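Going by our numbering, the residue at position 60 of the sequence shown is 121; the numbering climbs one at a time, nothing skipped.
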Amino acid sequence: MIRSVIIATATTLAVTAAVAVVNGQTPQKTTNSAVYTAAQAARGDKTFSEKCSACHDPARFTGAAFFEAFDGKALKEVWDIASGTMPEDNPGSLKPQEYGDIIAYFLHLNAFPTGAAELPGDGGAMANIKVEQLKK
């Protein structure tokens with residue numbers, strides 16, 4: 062009986078996923094879905110310290126300031142600003158993964174959960190992740 066229920070549930074989930082893909086819709090992750098690793102955030106902290114901290118205080122990317130700008134928006138908006146305009150003296154000069162690591166650092170600063178997979182250094186991947194502040 063339990064095996065039948067498990068098989069039926071798995072089949073239902075597979076069909077639901079197939080329908081979503083067929084309709085051109087994919088499930089959207091949020092920043093609460095553990096979309097980066099602790100090691101990646103540590104690399105981002107180091108890169109931020111080396112390449113960004115001369116002009117920027119990390120507090121600018123945390124708390125109310127961060128959520129006022131990005132809550133409910135795709136993480137790609139953070140990506141577009143970082144990779145398109147920073148560093149100010151040489152925009153876009155970091156490697157894509159360095160921008161991804163810095164954004165992971167911002168997620169860490171805002172106490173989003175870490176996971177097993179790194180946040181890709183790719184704007185397209187970040188378009189599928191919504192910044193979502195946990196409501197207390």
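Ideal Cβ placement from N, Cα and C applies to all residues, glycine included.
Given the structure is predicted, the values throughout are model-derived calculations rather than measurements.
If the criterion is Cβ atoms closer than 9 angstroms, does the pair residue 89 and residue 191 meet it?
The residue you call residue 89 lines up with position 28 of the sequence shown. The residue you call residue 191 lines up with position 130 of the sequence shown. Cβ distance < 9 angstroms, so residue 89 and residue 191 count as in contact.
Could you give the distance in angstroms between the alpha-carbon of residue 125 and the alpha-carbon of residue 169?
For the purposes of this step, residue 125 is taken as the residue at position 64 of the sequence shown. For the purposes of this step, residue 169 is taken as the residue at position 108 of the sequence shown. Straight-line Cα distance between these residues: approximately 15 angstroms.
Tell me, please, which residues DSSP counts as bridged to residue 163.
By 1-based counting over the sequence shown, the position of residue 163 is 102. In the DSSP output, where bridge partners are listed per residue, residue 163 has none listed.
Looking at C-beta atoms only, is the number of pairs between the region 179 to 188 and the region 106 to 116 that lie closer than 8 angstroms three or more?
no
Beta-carbon proximity check, residue 171 vs residue 123, cutoff 9 angstroms
The count along the sequence shown starts at 1 and reaches residue 171 at position 110. The count along the sequence shown starts at 1 and reaches residue 123 at position 62. Going by C-beta atoms, residue 171 is nearer than 9 angstroms to residue 123.
Residue 134 versus residue 92: straight-line alpha-carbon distance, rounded
What you label residue 134 is simply residue 73 of the sequence shown in a count that begins at 1. What you label residue 92 is simply residue 31 of the sequence shown in a count that begins at 1. For residue 134 and residue 92, the distance between alpha carbons rounds to 10 angstroms.
If you run the structure through DSSP and keep just helix, strand and coil, what is residue 91?
Position 30 of the sequence shown, counting from 1, holds the residue named residue 91. Correct three-state label for residue 91: strand.
Note down, in chain order, each residue of its chain lying with its Cβ closer than 7 angstroms to the Cβ of residue 95, except the 5 sequence neighbours on either side.
As a working mapping, residue 95 is identified with position 34 in the sequence shown. The answer, listed in chain order, is 174, 175, 176.
So which of 104, 162, 167 has the shortest CA-CA distance to residue 180?
Indexing the sequence shown from 1 puts residue 180 at position 119. Taking only the C-alpha atoms, the option nearest residue 180 is 162.
In angstroms with no decimal places, state the Cα-to-Cα distance between residue 114 and residue 152.
Along the sequence shown, read from residue 1 onward, the residue named residue 114 stands at position 53. Along the sequence shown, read from residue 1 onward, the residue named residue 152 stands at position 91. Rounded to the nearest angstrom, the two C-alpha atoms are 15 angstroms apart.
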